[in-house]
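The structure appears right after this line, and notes come after that.
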Amino acid sequence: DKELYAHHAGAFVKNAYAPEFNQGGKYDENAAQKAEDLNIILCMELKQECKAFKIEKHGHNYPHCWRTDKPVLYYPLDSWFIRSSALKERMMELNEQIQWKPASTGTGRFGKWLENLNDWNLSRSRYWGTPLPIWRNADTKEEMCISSLEQLYAEIEKSVQSGFMKSNPLKEKGFVPGDFSRENYDRIDLHRPYVDEIVLVSPSGAPMRREAALIDVWFDSGSMPYAQLHYPFENKEEFDKGNLFPADFIAEGVDQTRGWFFTLHAIATMVFDQVSFKTVISNGLVLDKNGNKMSKRLGNAVDPFGALANYGPDPLRWYMITNSQPWDNLKYDEEGVKEVSRTFFGKLFQT
């Protein structure tokens, strides 16, 4: 099904390019949401093209926004991908070197994720975040990926000389290439909209503008071992000796198998051909007493500071470590904390 859909995807999403849902060459989500029913429009088109065998109403599950509970509308966008599937086998091999607690998470949830790995959708169509450092000319035949601020500074200087920029904004702010002090970096801001104003020059002499996309925030998270040390611009010798990487131990919730654990593992495999961490405890989640995920929206979240103030840290610790293994989910029930505080810690305090 997946292969067939990928081959015929354009035919299934043609409504995204329909004139009534298009504003200035871009998909108009508001217009689409105001439409009486996109399903009806699609069914009519299929019937007119003699491609509908049978049309009937069918109840099914549909994705909704976890914050607003509104239906999620999917439509196609051009994106940048990392071809992570090309290193799938190597990621699986390196995963066998990692000590997972529990082991079933490494072979099961994480291992199965790697077995069915798709290419990593790197770009995001948002405003706030890390800008994608790729500049392209108008016909997209020439492109440049900037790897450092020193390179960007030099490329802007070329652009100024070519007449595409009046001046170098980094130079105007007093930024000094090669100075890695916080004071120097605080002088500039390379987020949007400022970075979008930078025009570079291609090898053929054409102007190049930055791709408007941002980078997936999980790429930031997966780059943590290197970014925190400003590698490779600083601490390179210690890092390359293996004194600072890989990590001996990390811990996070089981939901991070497809988030932080994966991005750490993927980037380390692709860049260094090694693991990013040697041992990991994948702890369970703290749920409400009915086994539901805590959420402000649902009103079932517990204020940890309030609980600490009411019962103290020791009863809370004791209740949590005695009610589940670290890698299992914990159903938090305040009555259980009260019971622990009264029957155990109350007696302990009295003696």
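Offset between the sequence shown (1-based) and my numbering: plus 116.
Heads up, the beta-carbon is just placed ideally off N, CA and C, and yes, glycines get one too.
Original post:
Whose CA, out of L248, W334, Q390 and Q164, lies closest to the CA of S195?
Top reply: Locating residue 195 in the sequence shown gives position 79, where the first residue counts as 1. Of the candidates L248, W334, Q390 and Q164, the one whose C-alpha sits nearest the C-alpha of S195 is L248.
Original post:
Taking DSSP as the reference, what is the three-state secondary structure of F361?
Top reply: Translated into positions along the sequence shown, residue 361 becomes position 245. F361 falls in the coil class under three-state DSSP.
Original post:
In chain order, what residues of the same chain have a beta carbon less than 7 Å from the beta carbon of Q215, not counting five sequence neighbours either side?
Top reply: Here residue 215 refers to the residue found at position 99 of the sequence shown. K394 and T395, listed in sequence order.
Original post:
Helix, strand or coil: how does DSSP classify Q441 here?
Top reply: Taking the sequence shown and counting its residues from 1, one reaches residue 441 at position 325. Coil.
**OP:** Have a look at L403, G222 and P218 and flag the residue whose alpha-carbon is nearest the alpha-carbon of L210.
**Re:** Residue numbering aside, residue 210 sits at position 94 when the sequence shown is read from its first letter. Residue G222 is the option with its Cα nearest to L210.
**OP:** Give the single residue among Y342, V387, P348 and L401 whose Cα lies nearest to the Cα of E368.
**Re:** The residue given as residue 368 occupies position 252 in the sequence shown. Here the closest residue by C-alpha is L401.
Original post:
What are the residues that DSSP puts in a beta bridge with F465?
Top reply: The sequence position of residue 465 within the sequence shown is 349, counting from 1. Per DSSP, none; premise fails for F465.
Original post:
Straight-line CA distance for E258 to A363?
Top reply: The residue you call residue 258 lines up with position 142 of the sequence shown. The residue you call residue 363 lines up with position 247 of the sequence shown. Going from the Cα of E258 to the Cα of A363 covers about 39 Å.
**OP:** List the residues that DSSP assigns as beta-bridge partners of R326.
**Re:** Indexing the sequence shown from 1 puts residue 326 at position 210. W251.
**OP:** Mind reading off the beta-carbon distance from M208 to A382? Whole number of angstroms is fine, and I expect it under 8 Å.
**Re:** Position 92 of the sequence shown, counted from the start, is the residue given in the question as residue 208. Position 266 of the sequence shown, counted from the start, is the residue given in the question as residue 382. Actually they are not in contact, since the Cβ atoms of M208 and A382 sit about 12 Å apart, beyond 8 Å.
Subject >> N-terminal and C-terminal residue of the beta strand (DSSP E) that Q215 is part of >> reply: Reading the sequence shown from its first residue, position 99 is the one you call residue 215. Run containing Q215: Q215 to K217, per the beta strand (DSSP E) assignment.
Original post:
Whose C-beta lies closer than 7 Å to the C-beta of S283 among residues of the same chain, with five residues either side of it excluded?
Top reply: Taking the sequence shown and counting its residues from 1, the one referred to as residue 283 is at position 167. Taking C-beta separations shorter than 7 Å and ignoring five residues to either side along the sequence, the partners of S283 in its chain run V276, following chain order.
Original post:
When the Cα atoms are used, what is the spatial distance from V387 to F197?
Top reply: Reading the sequence shown from its first residue, position 271 is the one you call residue 387. Reading the sequence shown from its first residue, position 81 is the one you call residue 197. V387 and F197: Cα-Cα distance of roughly 16 Å.
**OP:** In angstroms with no decimal places, state the Cα-to-Cα distance between E119 and G227.
**Re:** If you number the sequence shown from 1, residue 119 lands on position 3. If you number the sequence shown from 1, residue 227 lands on position 111. Roughly 22 Å separates the two Cα atoms.
Subject >> Nearest-angstrom Cα separation, counted from G290 out to H346 >> reply: In the sequence shown, counting from the first residue as 1, residue 346 sits at position 230. In the sequence shown, counting from the first residue as 1, residue 290 sits at position 174. Cα to Cα, H346 sits roughly 21 Å from G290.
Subject >> Rounded Cβ spacing between F201 and N234 (contact assumed at less than 8 Å) >> reply: Within the sequence shown, numbered from 1, the residue matching residue 201 stands at position 85. Within the sequence shown, numbered from 1, the residue matching residue 234 stands at position 118. The amino acid occupying residue 201 in the given sequence is Ser; Phe does not appear at that position. So it is a contact: roughly 6 Å between Cβ atoms.
Original post:
Taking the DSSP output, what are the residues bridged to G369?
Top reply: Position 253 of the sequence shown, counted from the first residue, corresponds to residue 369. Beta-bridge pairing links G369 to N399.
Original post:
Between L424 and the rest of its own chain, which residues show a CB-CB distance below 7 Å, the 5 nearest in sequence each way excluded?
Top reply: Position 308 of the sequence shown, counted from the first residue, corresponds to residue 424. Excluding sequence neighbours, L424 sits near L432.
Original post:
Roughly how many angstroms lie between the CA atoms of R199 and L238, to the nearest whole one?
Top reply: Here residue 199 refers to the residue found at position 83 of the sequence shown. Here residue 238 refers to the residue found at position 122 of the sequence shown. The alpha-carbon atoms of R199 and L238 are separated by roughly 10 Å.
**OP:** Go ahead and pull the three-state DSSP assignment for W182.
**Re:** One-based indexing of the sequence shown puts residue 182 at position 66. Here W182 sits in coil by DSSP.
Subject >> Helix, strand or coil at V276 [DSSP, three-state] >> reply: Translated into the one-based positions of the sequence shown, residue 276 becomes position 160. V276: helix per DSSP, three-state reduction.
Original post:
Is there contact here, the stretch 311 to 324 with the stretch 337 to 353, by at least three beta-carbon pairs under 8 Å?
Top reply: no
**OP:** Would you kindly check if the distance between the Cβ of W236 and the Cβ of T373 is under 8 Å?
**Re:** On the sequence shown, position 257 is the one that residue 373 refers to. On the sequence shown, position 120 is the one that residue 236 refers to. Going by C-beta atoms, T373 is not nearer than 8 Å to W236.
Original post:
Got a sec? Which residues, its chain only, sit under 6 Å from V456 by beta carbon, not counting five neighbours each side?
Top reply: On the sequence shown, position 340 is the one that residue 456 refers to. Excluding residues within five positions, the ones whose Cβ falls inside 6 Å are P431, W434 and Y435.
Original post:
Helix or strand or just coil, what does DSSP make of S200?
Top reply: Working through the sequence shown from its first residue, we reach residue 200 at position 84. Three-state DSSP puts S200 in a helix.
Original post:
Count the other CB atoms within 10 Å of the CB of V292; is the residue buried (16 or more) or exposed (fewer)?
Top reply: Sequence index remark: in the sequence shown, residue 292 carries index 176 (1-based). So V292 counts as exposed.
Original post:
Is DSSP giving E490 helix, strand or coil here?
Top reply: The structure shown does not extend to residue 490, since the chain is modelled only from 117 to 467, so the question has no answer here.
**OP:** Within the same chain, show all residues whose beta-carbon is closer than 7 Å to that of K204, passing over the 5 residues directly before and after it, in chain order.
**Re:** The residue you call residue 204 lines up with position 88 of the sequence shown. The beta carbon of K204 lies closer than 7 Å to those of L230 and L233 in the same chain, with the five residues before and after it left out.
Original post:
CB R225 to CB V370, shorter than 8 Å?
Top reply: The residue given as residue 225 occupies position 109 in the sequence shown. The residue given as residue 370 occupies position 254 in the sequence shown. Against a cut-off of 8 Å, the Cβ pair of V370 and R225 comes out as a contact.
**OP:** Count the other C-beta atoms from every protein chain shown that fall within 10 angstroms of the C-beta of W376, then say buried if there are 16 or more, exposed otherwise.
**Re:** On the sequence shown, residue 376 is found 260 positions in, with the first residue counted as 1. So W376 counts as buried.
Subject >> Residues bridged to E259 [DSSP beta-bridge criterion] >> reply: Here the question's residue 259 lines up with position 143 in the sequence shown. In DSSP, E259 forms a bridge with R252.
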